[in-house]
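This report concerns only the one structure given below.
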Amino acid sequence: MEDAVWLREMLSQELEVRPPRSLKAEQKFLAGNIATLRQDGQIIGYTDIRNYGKTAEITTFIIDPKYRGKGNAKKLVLMAIEMSPQKIILSCTKNPKMANVLEDCGFEITHWPGLKEYILLTINTIKRIFSMLFRLEFKRLWIQAKGFMKYKIYKLER
Ligand SMILES: CC(C)(COP(=O)(O)OP(=O)(O)OC[C@H]1O[C@@H](n2cnc3c(N)ncnc32)[C@H](O)[C@@H]1OP(=O)(O)O)[C@@H](O)C(=O)NCCC(=O)NCCS
Numbered sequence: 009m010e011d012a013v014w015l016r017e018m019l020s021q022e023l024e025v026r027p028p029r030s031l032k033a034e035q036k037f038l039a040g041n042i043a044t045l046r047q048d049g050q051i052i053g054y055t056d057i058r059n060y061g062k063t064a065e066i067t068t069f070i071i072d073p074k075y076r077g078k079g080n081a082k083k084l085v086l087m088a089i090e091m092s093p094q095k096i097i098l099s100c101t102k103n104p105k106m107a108n109v110l111e112d113c114g115f116e117i118t119h120w121p122g123l124k125e126y127i128l129l130t131i132n133t134i135k136r137i138f139s140m141l142f143r144l145e146f147k148r149l150w151i152q153a154k155g156f157m158k159y160k161i162y163k164l165e166r
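Here the sequence shown is numbered in the numbering used here, starting from 9 and rising by one per residue.
Dropping the structure here:
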């Protein structure tokens, strides 16, 4: 339960990621395909790892503000890579810090992730827009939509 409370708090604060859901729904996410970073047992970082068959996507990536600027994002990206058996890993971001971390971990910008991947990424973007509209999260929607053209797809091929 503690992890779900933390995750909801982080998602509420950070407007560049998906909106928070109910505690029960966040607990379900935490039991799914995710990676977490901990310090003294306490969760300090979280990411979803989506499985697209031969490709994985690192998404909804958060480091607790108290633990930023210490290399924790890099640790979590490396953990997510290690947890993913897929040859190709994608991550979309317009956050310059996240972009630096991805590049540091060996990711490169790609303009074409593949047809299936492109369709799935587009479907997920549409789903996220509806999720924000449904939850009346207009500020979050505005923050994500206004920089839409700045989003880049990063790819790691092993
Ligand atoms: C983006 C985000 C994940 C970065 O997390 P972070 O823990 O600060 O990232 P890191 O510490 O690994 O790297 C950040 C910087 O610290 C530097 N750093 C790495 N190890 C370090 C260390 N031991 N000591 C000090 N600095 C260090 C890195 O070189 C990097 O520097 P840069 O900004 O010049 O590239 C975090 O700001 C966040 O959660 N933001 C909100 C959610 C979000 O926007 N997520 C991305 C959506 S796609």
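Quick reminder that beta carbons are idealized off the backbone N, C-alpha and C, glycines included.
{"query": "Going residue by residue through the stretch 57 to 141, where are the continuous beta strand (DSSP E) segments of at least 3 residues, counting only ones entirely within it?", "result": "63 to 71, 96 to 101 and 116 to 118"}
{"query": "Tell me the rounded alpha-carbon separation between Glu116 and Glu24.", "result": "21 Å"}
{"query": "Taking a contact to mean a Cβ-Cβ separation below 8 Å, would you say Thr101 touches Lys160 in this structure?", "result": "yes"}
{"query": "Can Ile97 and Ala64 be called in contact, C-beta distance under 8 Å?", "result": "yes"}
{"query": "Using the Cα positions of Asp112 and Lys154, report the straight-line distance between them to the nearest angstrom.", "result": "27 Å"}
{"query": "Could you compute how far the alpha carbon of Pro28 sits from the alpha carbon of Phe142?", "result": "12 Å"}
{"query": "So which residues put a beta carbon under 6 Å from any heavy atom of ligand 1, going in chain order?", "result": "Glu22, Glu24, Val25, Phe69, Ile70, Ile71, Arg76, Gly77, Lys78, Gly79, Asn80, Ala81, Lys82, Thr101, Asn103, Lys105, Met106, Asn108 and Val109"}
{"query": "Use the C-beta contact count for Leu45: other C-beta atoms within 10 angstroms, 16 or more gives buried, fewer gives exposed.", "result": "buried"}
{"query": "In whole angstroms, give me the CA-to-CA distance for Thr55 and Met9.", "result": "17 Å"}
{"query": "With C-beta atoms as the reference, is Ile52 less than 8 Å away from Ile71?", "result": "yes"}
{"query": "From the DSSP secondary-structure annotation, give me the bridge partner or partners of Ile161.", "result": "Cys100 and Thr118"}
{"query": "Where does Ala39 fall in DSSP's three states?", "result": "coil"}
{"query": "By Cβ distance below 7 Å, which residues in the same chain neighbour Pro104 in space, the five residues on each side in sequence not counted?", "result": "none"}
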